[in-house]
Structure formats: structure tokens, C-alpha cells
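So the structure is just underneath, and the comments pick up after that.
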Amino acid sequence: MLDAYLSLKKIERLLSMKKFIDALAVILCFLALLVVQALAQQLPADATTLSLKDYDISQFITSSGSTPNNIIKLDNNEEIILACVKGKTREQLQADGIEFVESQIKLLKTWRVLHEDNDILKTSFPILGTNETTQLRDHSVAAVPAISQQLRPDILRFIAVLDSIGRADNAYTILFSYVLDDLVWDRFEEKGLLRKREITTKMPFWAGVIW
Numbered sequence: 364m365l366d367a368y369l370s371l372k373k374i375e376r377l378l379s380m381k382k383f384i385d386a387l388a389v390i391l392c393f394l395a396l397l398v399v400q401a402l403a404q405q406l407p408a409d410a411t412t413l414s415l416k417d418y419d420i421s422q423f424i425t426s427s428g429s430t431p432n433n434i435i436k437l438d439n440n441e442e443i444i445l446a447c448v449k450g451k452t453r454e455q456l457q458a459d460g461i462e463f464v465e466s467q468i469k470l471l472k473t474w475r476v477l478h479e480d481n482d483i484l485k486t487s488f489p490i491l492g493t494n495e496t497t498q499l500r501d502h503s504v505a506a507v508p509a510i511s512q513q514l515r516p517d518i519l520r521f522i523a524v525l526d527s528i529g530r531a532d533n534a535y536t537i538l539f540s541y542v543l544d545d546l547v548w549d550r551f552e553e554k555g556l557l558r559k560r561e562i563t564t565k566m567p568f569w570a571g572v573i574w
């Protein structure tokens, strides 16, 4: 484990990685903009027939114990969360046959997976249906040629550095698990694009993002 850590640190020193990481961050920002575009559309077309169990919930968070996902899975919270993607009043939830008690709503609001504005309850994190994810993939496929050409020199240099320390076979793993899933997210926080994952008095249970 220590050898692997030291090797990764050597990679950071050998590469002038800030420019490289920023370029990768641009890609993720681009994808994030596509997500925002998709969220501006209607409720996912398949949400009326699916339950939240049919979705994968991802989390990039620090927690003080439990996680938002654990709270969402309690009782019929998943049903409430999915129903409130576009916003509903308590009366509308009841009219739709969705059972709840006020303590459930309070718990979901306390855990910041549901928020309330003028008596409208709305899900606090993005939920994308099949149509939206298909759209995002199509947009991504169209954008890949230009972005990949821009990144190609840096990625080849990255692989060359790995090869110099005998880790060329680990290029894919290191690029995605260490650079994309770690360093790039750190850059997002440094640039203020994401809140820092710090537990505070205002956010005592978890900090970060879920989707």
C-alpha cells in the first residue's frame, strides 16, 4: 500500500498535473452542464412506472455516521422522493395515494434530500430517467472526438510517465480511480464548483453531493 502511495506521489511530481487535471475537470463540468439541461425538462418519462429501487444512487460525500441513501431507503421514503421530483404539496401526495406521516417529511428535510418552499415539497437531488440518460450519452458521444484530441498529448505523456516507473499496465486504473475519482474532484472543490465535504453545525449529518 505504501509503495503504491509513493508511486502515485512520484507521478504527481513528474507530471505537471494541474493543467492535465483541469482539462479533465472541463470534461466533467461539460457533462454536469448536460445534466442541468436534462433536469430542466419534465419529470423522467419512466418515473411514473418505476420506483426509486430501479435507480442507482451515487454519493460523493463525507458523513458523520449514516448516509442519505440509508435514509431514503427507510419506510416508503423512496416513493415520496420520486413523487416530489417536480414538487408536490402534502395534499397532492395524499391525492396520489402516497402515505406518509409528518415525521417522515421532517426527517427527509433534515437530511436535505427533500426541501420545502411555500408548502411545495421537492426532491433536493437530480433523478434522471432513461430518456434523459440516453440524451446525455448521445451528447457525450458527439463531444468526445474534439475533447479526446485535445487531451491526447497529455494522456500519452501520462502513460509515458507511468511506463518510466513500470506502471504502464495500470494507466487505466490510475487515470480513473486516482485522477478522475480523486484529484479532479479536489480541483472542483478548490475552484468552488462543489461545496467542501466538511461536517458543520449547519450540515451535521453529511456534506457533498448525491445524484
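The working numbering numbers the first residue of the sequence shown as 364 and each following residue consecutively. We treat Cβ as the ideally placed atom computed from N, Cα and C, and that holds for glycine.
Counting C-beta neighbours from all protein chains within 10 Å, is the total for residue i 16 or more, i.e. buried, or is it exposed?
{"i": "Thr564", "result": "exposed"}
{"i": "Ile528", "result": "exposed"}
{"i": "Asn481", "result": "exposed"}
{"i": "Lys559", "result": "exposed"}
{"i": "Gly571", "result": "buried"}
{"i": "Glu553", "result": "exposed"}
{"i": "Val507", "result": "exposed"}
{"i": "Leu415", "result": "buried"}
{"i": "Gly555", "result": "exposed"}
{"i": "Ala408", "result": "With a pLDDT of 46 at Ala408, under the threshold of 50, the modelled position of this residue cannot be trusted, and the question is left open."}
{"i": "Lys436", "result": "exposed"}
Among the options, which has the Cα closest to the Cα of residue i?
{"i": "Ile522", "options": "Gln498, Lys436 and Ala531", "result": "Ala531"}
{"i": "Val464", "options": "Ala458, Trp474, Thr473 and Arg453", "result": "Arg453"}
{"i": "Asp417", "options": "Glu561, Leu445, Ser426 and Leu546", "result": "Leu445"}
{"i": "Thr486", "options": "Thr496, Ile510, Gly450 and Leu514", "result": "Gly450"}
{"i": "Val476", "options": "Cys447, Gln455 and Leu499", "result": "Cys447"}
{"i": "Leu456", "options": "Leu437, Thr473, Leu484 and Trp474", "result": "Leu484"}
{"i": "Gly428", "options": "Asp517, Pro489 and Pro567", "result": "Pro567"}
{"i": "Phe488", "options": "Ala458, Trp474 and Tyr535", "result": "Trp474"}
Thinking residue i and residue j are a contact (beta carbons under 8 Å), I'd like their distance in whole angstroms, please.
{"i": "Gln422", "j": "Asn432", "result": "6 Å"}
{"i": "Ile461", "j": "Glu442", "result": "6 Å"}
{"i": "Leu491", "j": "Asn440", "result": "Wrong, their Cβ atoms sit about 19 Å apart, outside the cutoff."}
{"i": "Thr576", "j": "Ile562", "result": "Any question about residue 576 goes unanswered here, given that the chain covers just 364 to 574."}
{"i": "Asp537", "j": "Leu546", "result": "A small correction: the amino acid at residue 537 is Ile; Asp does not occupy that position in the sequence shown. Contact flag wrong, Cβ pair sits at about 10 Å."}
{"i": "Leu543", "j": "Phe551", "result": "Actually they do not touch by this definition, with Cβ atoms about 11 Å apart."}
{"i": "Ile420", "j": "Ile573", "result": "6 Å"}
Could you name the residues that DSSP lists as bridge partners for residue i?
{"i": "Glu454", "result": "Answer is none; Glu454 lacks a bridge partner."}
{"i": "Phe423", "result": "Val572"}
{"i": "His478", "result": "Lys485"}
Inter-stretch contact (C-beta, 8 Å, three-pair minimum) for the region 466-473 and the region 497-504: Taking 8 Å as the limit for Cβ pairs, the verdict is that the region 497-504 does not touch the region 466-473.
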